[in-house]
Amino acid sequence: MAVPKETIWEIDPHTSAKHKILEGYLKAWFPVISRFNPVINYIDGFAGPGVYSKGELGSPIIALNVANQHTSDLKGNINFVFIDEREDRIANLIEELKNISLKSNFTAHPIRGKFHEVLDEALGNLEKEEKVLAPTFVFIDPFGFSGIPSTIIQKLLTIPKVEVFINFSVDSINRFIGTKDVEFHIDELFGAEKVSELFAASKDRVRDLRDLYQIMLNSLARFVRYFEMRDEDDRPIYYLFFASNHELGHLKMKEAMWRVKKEGDFKFSDATDPNQIVLFEKEDFGEEVFNLIKEKFITGKYDVEILKIFVENETAFLDKHVTQALIFAETNDLIEVDPLKTDGSKRRKGTLPNGVIVNLK
Ligand SMILES: C[S@@+](CC[C@H](N)C(=O)[O-])C[C@H]1O[C@@H](n2cnc3c(N)ncnc32)[C@H](O)[C@@H]1O
Numbered sequence: 396m397a398v399p400k401e402t403i404w405e406i407d408p409h410t411s412a413k414h415k416i417l418e419g420y421l422k423a424w425f426p427v428i429s430r431f432n433p434v435i436n437y438i439d440g441f442a443g444p445g446v447y448s449k450g451e452l453g454s455p456i457i458a459l460n461v462a463n464q465h466t467s468d469l470k471g472n473i474n475f476v477f478i479d480e481r482e483d484r485i486a487n488l489i490e491e492l493k494n495i496s497l498k499s500n501f502t503a504h505p506i507r508g509k510f511h512e513v514l515d516e517a518l519g520n521l522e523k524e525e526k527v528l529a530p531t532f533v534f535i536d537p538f539g540f541s542g543i544p545s546t547i548i549q550k551l552l553t554i555p556k557v558e559v560f561i562n563f564s565v566d567s568i569n570r571f572i573g574t575k576d577v578e579f580h581i582d583e584l585f586g587a588e589k590v591s592e593l594f595a596a597s598k599d600r601v602r603d604l605r606d607l608y609q610i611m612l613n614s615l616a617r618f619v620r621y622f623e624m625r626d627e628d629d630r631p632i633y634y635l636f637f638a639s640n641h642e643l644g645h646l647k648m649k650e651a652m653w654r655v656k657k658e659g660d661f662k663f664s665d666a667t668d669p670n671q672i673v674l675f676e677k678e679d680f681g682e683e684v685f686n687l688i689k690e691k692f693i694t695g696k697y698d699v700e701i702l703k704i705f706v707e708n709e710t711a712f713l714d715k716h717v718t719q720a721l722i723f724a725e726t727n728d729l730i731e732v733d734p735l736k737t738d739g740s741k742r743r744k745g746t747l748p749n750g751v752i753v754n755l756k
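In our numbering, the protein residues as written are 396 to 756.
In structure tokens:
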């Protein structure tokens, strides 16, 4: 898609998948984080005008609606910061915001400016005042790849309780890499010089670009996942990278991804481990997840809880998939399940809660 010049443009079909993930995640993130923190921030660094040409909602309005319409009242203060470099788009967003009556503990700050400059300044001011940024979720959704220098990502992720969700436009990076005018943006995105030379001999540039970005984020955050969006010709168009140091945040993001599954002709998958690409299409992943468990653990006895911690923290799968895996394994005689649980009580037949001991054969 060519970069739109108008204030408001037509929504791309795959944008709605991105919005559903964002929405799904915020439904969990706002209540979890605001329960324990009096102030939290939601920053949309590339906010856009708030609406698309046929009236579809843009990311700032989606985020505000999630907070406003949350079933349990969110008690803490939430600062919504919406940044866009274009005056017309910020003006349009301000108009859209007038249609929303925000709860008294929420504030919206539309700011015209460049994402990294606005944040650099704000973080610099906090540092001078010896203050730490409150827990913050940063949505980074540029049209292409310019304007997200690795330096700002590094600054953000070294602050406790800050997480980022980045639209990594691999398709446009792949198309423009090596082009003189944009070289600088690609170099700053990766925080390296002459990135194009690194990829000169690459046989799979999309994969290598994605891997390099993952390595960069992995050096900054404990949990890094990426989700791959492919077009109808099965070509990757973008990756949504999530980076966080928060175990529960990571889990909630995975849950949001699993809820989105398939979007029209677009395929959406977790590809964080390229050897284990997970398409969110099937219902039963028992065999796949059991194979992952077998790769990780040697034969012997394990509390189900240990297996769940591994699957939740280190794979694309969820708690319910561990149950599927163990049901698959028990049915196929690949495990034995102890009749007694770790606390000495009897295991109820057919159940696999924490405390049940399984013997991997
Ligand atoms: C893909 S659109 C954002 C769409 C929006 N996040 C949504 O989901 O509805 C990217 C926006 O970023 C703005 N933009 C481009 N470069 C920017 C920069 N360096 N800093 C802030 N905004 C920028 C553009 O004007 C455009 O409105």
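Quick reminder that beta carbons are idealized off the backbone N, C-alpha and C, glycines included.
Legend entry - Helix, strand or coil at Tyr437 according to DSSP, with G and I counted as helix: Locating residue 437 in the sequence shown gives position 42, where the first residue counts as 1. Of the three classes helix, strand and coil, the one that applies to Tyr437 here is strand, per DSSP.
Inset, instruction - Compute the distance between the beta-carbons of Phe425 and Pro455, then report whether it is under 8 angstroms. - result: Counted from its first residue, the sequence shown places residue 425 at position 30. Counted from its first residue, the sequence shown places residue 455 at position 60. No, Cβ-Cβ distance for Phe425 and Pro455 is not below 8 angstroms.
Inset, instruction - Return the chain-ordered list of same chain residues with a C-beta closer than 8 angstroms to the C-beta of Ile547, the five sequence neighbours on each side being excluded. - result: Against the sequence shown, residue 547 aligns to sequence position 152. Cβ within range, chain order: Phe510, His511, Leu514 and Asp515.
Inset, instruction - Using three-state DSSP, classify Ala458 as helix, strand or coil. - result: For the purposes of this step, residue 458 is taken as the residue at position 63 of the sequence shown. Three-state result, Ala458: helix.
Legend entry - Runs of beta strand (DSSP E) lying entirely within the stretch 601-636, each at least 3 residues, in chain order: Listed in chain order, they are 618-625.
Inset, instruction - Return yes when at least one heavy atom of ligand 1 lies under 7 angstroms from the C-beta of Glu401, else no. - result: Against the sequence shown, residue 401 aligns to sequence position 6. No - ligand 1 has no heavy atom lying nearer than 7 angstroms to the Cβ of Glu401.
Legend entry - Tyr447 - DSSP class collapsed to helix/strand/coil: Position 52 of the sequence shown holds residue 447. Correct three-state label for Tyr447: coil.
Inset, instruction - Count the C-beta pairs between the stretch 463-480 and the stretch 428-443 that are closer than 8 angstroms, then say yes if the count reaches three, no if not. - result: yes
Legend entry - Contiguous alpha helix (DSSP H) assignments of at least 4 residues, all confined to the stretch 477-516: Complete alpha helix (DSSP H) runs here, min 4: 482-492.
Legend entry - Phe563 versus His465, Glu578, Ile543 and Val753, residue with shortest Cα-Cα distance: Here residue 563 refers to the residue found at position 168 of the sequence shown. Shortest Cα-Cα distance from Phe563 to any of His465, Glu578, Ile543 and Val753 involves Ile543.
Inset, instruction - Give a single yes or no on whether Ser454 has its beta carbon closer than 7 angstroms to a heavy atom of ligand 3. - result: Ligands in the displayed structure: ligand 1; ligand 3 is not one of them.
Inset, instruction - Please list, in chain order, all residues of the same chain as His372 whose beta carbon is under 6 angstroms from its beta carbon, the five residues on each side excluded. - result: Residue coverage of the chain in this structure runs from 396 to 756, which leaves residue 372 outside it and unanswerable.
Inset, instruction - Counting only runs of 3+ residues fully inside the stretch 512-558, write out the beta strand (DSSP E) ranges in chain order. - result: Here the runs fully enclosed are 531-535.
Legend entry - Cβ-Cβ separation, Leu452 to Val446 (assumed contact under 8 angstroms), whole Å: Mapped onto the sequence shown, residue 446 falls at position 51. Mapped onto the sequence shown, residue 452 falls at position 57. Contact holds; Cβ gap of about 6 angstroms.
Legend entry - Glu480 CB to nearest heavy atom of ligand 1 below 7 angstroms: Counting from one through the sequence shown, the residue named residue 480 turns up at place 85. Yes, since a heavy atom of ligand 1 falls inside the 7 angstroms radius drawn around the Cβ of Glu480.
Inset, instruction - Starting from Leu755, follow the beta strand (DSSP E) in both directions and report where the run begins and ends. - result: Taking the first residue of the sequence shown as 1, we reach residue 755 at position 360. Per DSSP, Leu755 belongs to the beta strand (DSSP E) from Ile752 to Leu755.
Legend entry - Option nearest Ala720 by Cα separation, candidates Ile489, Val559 and Phe680: Numbered from 1 along the sequence shown, position 325 holds the residue referred to as residue 720. Comparing Cα-Cα distances from Ala720 to each of Ile489, Val559 and Phe680, the minimum goes to Phe680.
Legend entry - Burial state of Thr410 (16 or more Cβ within 10 Å): Counted from its first residue, the sequence shown places residue 410 at position 15. Burial call: buried.
Inset, instruction - Would you kindly work out how many angstroms separate the C-alpha atoms of Gly739 and Thr531, rounded to a whole number? - result: The residue you call residue 739 lines up with position 344 of the sequence shown. The residue you call residue 531 lines up with position 136 of the sequence shown. Approximately 43 angstroms between the Cα atoms of the pair.
Legend entry - Three or more C-beta pairs below 8 angstroms linking the stretch 681-691 and the stretch 705-722: yes
Legend entry - Candidates Lys589, Ile572 and Leu612, of which the one nearest Ser545 by Cα: Taking the first residue of the sequence shown as position 1, residue 545 is located at position 150. Selected option, being the one with the closest Cα: Leu612.
Inset, instruction - Run the CB neighbour count on Gly745, radius 10 Å, all protein chains shown included, and call it buried at 16 or more, exposed below. - result: As a first step, residue 745 must be located in the sequence shown, where it is residue number 350. Result: exposed.
Inset, instruction - Would you mind stating whether Ala616 and Leu552 have Cβ atoms separated by less than 8 angstroms? - result: Working through the sequence shown from its first residue, we reach residue 616 at position 221. Working through the sequence shown from its first residue, we reach residue 552 at position 157. One thing to note: Ala616 has its Cβ within 8 angstroms of the Cβ of Leu552.
Inset, instruction - Return the Cβ separation of Gly443 and Glu480 in integer angstroms, given the expectation that the two are a contact with Cβ distance under 8 angstroms. - result: For the purposes of this step, residue 443 is taken as the residue at position 48 of the sequence shown. For the purposes of this step, residue 480 is taken as the residue at position 85 of the sequence shown. Actually they do not touch by this definition, with Cβ atoms about 11 angstroms apart.
Inset, instruction - Can you have a look at Val753 and say buried or exposed, based on whether 16 or more other CB atoms are within 10 angstroms of its CB? - result: Position 358 of the sequence shown, counting from 1, holds the residue named residue 753. The residue is buried, with at least 16 neighbouring Cβ atoms inside 10 Å.
Inset, instruction - Taking Val533 as the reference, give the member of Lys598, Asn432 and Phe637 with the closest Cα. - result: In the sequence shown, residue 533 corresponds to position 138, counting from 1. Closest option to Val533, Cα to Cα, is Phe637.
Legend entry - Coarse secondary structure for Val398, derived from DSSP in three states: On the sequence shown, residue 398 is found 3 positions in, with the first residue counted as 1. Coil at Val398, not helix or strand.
Legend entry - DSSP state of Ile588 mapped onto helix, strand, coil: Position 193 of the sequence shown, counting from 1, holds the residue named residue 588. The amino acid at residue 588 is misidentified as Ile; the sequence shows Glu. Of the three classes helix, strand and coil, the one that applies to Glu588 here is coil, per DSSP.
Inset, instruction - Report whether the distance from the Cβ of Lys415 to the nearest heavy atom of ligand 1 is below 7 angstroms. - result: Position 20 of the sequence shown, counting from 1, holds the residue named residue 415. Not so, every heavy atom of ligand 1 lies at least 7 angstroms from the Cβ.
Legend entry - Helix, strand or coil at Gly745 according to DSSP, with G and I counted as helix: Stepping through the sequence shown from its first residue, residue 745 is reached at position 350. Three-state result, Gly745: coil.
Inset, instruction - Could you check the C-alpha separation between Val527 and Asn520 for me, to the nearest Å? - result: Within the sequence shown, the letter at position 132 stands for residue 527. Within the sequence shown, the letter at position 125 stands for residue 520. Going by the C-alpha atoms only, they are around 10 angstroms apart.
Inset, instruction - Please find out if some non-hydrogen atom of ligand 1 comes closer than 7 angstroms to the beta-carbon of Arg617. - result: Sequence index remark: in the sequence shown, residue 617 carries index 222 (1-based). Arg617: no, Cβ never under 7 angstroms from ligand 1.
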